[in-house]
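Structure, as structure tokens:
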Amino acid sequence: MMLKTSFFIFARDDESKLIQDIVTNISTHLSQTPLEVAEHPVGIESRVAELKSMLNLESKDDVLMVGLWGQGGIGKTTLAKAINNDISRQFDGSSFLARVRENSEDCKGLVTLQGQLLNDILLPYEKIVVSDVDRGVKLIQDRLRNKRVIVIIDDVDDEKQLHALAGKAKWFGSGSRILVTTRDSHFLTPRLGWDHVSVYEVKVLDDGGKIQEIAIFTMWIGT
Numbered sequence: 113m114m115l116k117t118s119f120f121i122f123a124r125d126d127e128s129k130l131i132q133d134i135v136t137n138i139s140t141h142l143s144q145t146p147l148e149v150a151e152h153p154v155g156i157e158s159r160v161a162e163l164k165s166m167l168n169l170e171s172k173d174d175v176l177m178v179g180l181w182g183q184g185g186i187g188k189t190t191l192a193k194a195i196n197n198d199i200s201r202q203f204d205g206s207s208f209l210a211r212v213r214e215n216s217e218d219c220k221g222l223v224t225l226q227g228q229l230l231n232d233i234l235l236p237y238e239k240i241v242v243s244d245v246d247r248g249v250k251l252i253q254d255r256l257r258n259k260r261v262i263v264i265i266d267d268v269d270d271e272k273q274l275h276a277l278a279g280k281a282k283w284f285g286s287g288s289r290i291l292v293t294t295r296d297s298h299f300l301t302p303r304l305g306w307d308h309v310s311v312y313e314v315k316v317l318d319d320g321g322k323i324q325e326i327a328i329f330t331m332w333i334g335t
């Protein structure tokens, strides 16, 4: 019996590219580990479907921000996690910045969040150390402007948080999507450097799991 064997000979440049592609694929999947979501949250499927429609994932030319607005404890964070788990593999990288209100009570907290945002997306290629907020803004612009990413900024209660983490659409690559959860919709206003911001108002569900009222609207912002 004869055994047939086959093998490939790579030039050094080809081998380096192959290794780089493998590392890229592995690191992308590692950065998109599913977030923990309540096992069977009522009405979550319909809300995810509505949000996906707003995100317009087929369009890869623009950078969109969508705000999830509603009272505390209504499920905004759960919804944001669910949408992240559903679509994050369509992007070059993802970052979920949890409890921003709690974690950014001083400038050091914002610096830590900026570092998390960068390292969630760029590791293992780069380990970013952020020294101050202004430096963090510059690093986000420089390192992420050519990457299609999904970033979720959870529980925003101060405009400076958005200015430090997602101040302008041009900080991110074409096709990126930024989700913001907040109890106060006025943070999603023309003061941000975005062409427009879509706002999804999360309302209370009734006992049957039906959404009593969902308001979806877009605030257009002049450039």
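Using the working numbering, read the sequence shown as starting at 113 and increasing by one per residue.
Virtual Cβ for every residue (Gly too), placed ideally from N, Cα, C.
What number of angstroms, rounded off, separates the C-alpha of residue i from the C-alpha of residue j?
i      : j      : result
Ala192 : Ser288 : 15 Å
Val160 : Lys259 : 24 Å
Val178 : Ala281 : 12 Å
Tyr312 : Ile199 : 18 Å
Gln202 : Ile265 : 19 Å
Arg211 : Arg247 : 22 Å
Asp244 : Asn215 : 15 Å
Pro236 : Leu167 : 28 Å
Leu142 : Phe284 : Bear in mind that a pLDDT of 49 at Leu142, under 50, signals an unreliable position, so the number given afterwards is only what the model happens to contain. Distance between the alpha carbons of Leu142 and Phe284 is about 20 Å.
Val175 : Ile240 : 24 Å
Thr301 : Val309 : 7 Å
His217 : Lys272 : This sequence places Glu at residue 217; His is not what is there. Each residue's Cα considered, the two are about 11 Å apart.
Gly221 : Asp307 : 28 Å
Gln253 : Glu238 : 15 Å
Ser165 : Ser207 : 21 Å
Asn196 : Gly305 : 23 Å
Arg213 : Leu169 : 28 Å
Rounded C-beta distance between residue i and residue j? I'm assuming under 8 Å.
i      : j      : result
Arg255 : Leu230 : 6 Å
Leu225 : Leu277 : 6 Å
Gln228 : Leu209 : 6 Å
Val249 : Gly279 : 7 Å
Using alpha carbons as the reference points, say which of the options lies closest to residue i.
i      : options                           : result
Leu338 : Ser286, Leu235, Leu169 and His298 : Residue 338 is absent from the structure shown; the chain starts at 113 and stops at 335.
Arg295 : Val311, Asp267 and Lys172         : Asp267
Gly187 : Gly155, Gly248 and Val242         : Gly155
Gly185 : Thr293, Leu300 and Gly279         : Thr293
Glu157 : Ser310, Leu176, Thr190 and Gln183 : Thr190
Val263 : Ile233, Asp269, Val242 and Glu217 : Ile233
Cys219 : Ser165, Asp270 and Glu170         : Asp270
Leu163 : Gln228, Tyr237, Ile252 and Trp181 : Trp181
Lys315 : Val309, Val175, Leu176 and Gln183 : Gln183
Ser171 : Trp306, Ser310 and Ser286         : Ser286
Asp173 : Leu300, Lys272 and Val261         : Val261
Ala194 : Leu169, His308 and Pro146         : Pro146
Val223 : Gln253, Val242, Leu169 and Ser207 : Val242
Quickly, what does DSSP pair residue i with across the bridge? List them, please.
i      : result
Trp181 : Thr294 and Glu313
Gly205 : Val261
Arg289 : Leu176 and Ile262
Val160 : DSSP, once it has assigned bridges, lists no residue as partnering Val160.
Lys188 : None; Lys188 has no bridge partner.
Lys280 : Gly305
Shorter than 9 Å from the beta carbon of residue i to some beta carbon of chain B?
i      : result
Ile156 : Considering every chain present, this structure includes no chain B. It has just one protein chain.
Taking 8 Å as the cut-off, does the CB of residue i come closer than this to any heavy atom belonging to the ligand GDP?
i      : result
Asp267 : No copy of the ligand GDP occurs in the structure displayed, which carries no ligand at all.
- Query: Fully enclosed by the region 209-249, which alpha helix (DSSP H) runs are 4 residues long or longer?
  - Reply: Within the region 209-249, the complete alpha helix (DSSP H) runs of at least 4 residues fall at 212-215 and 219-234.
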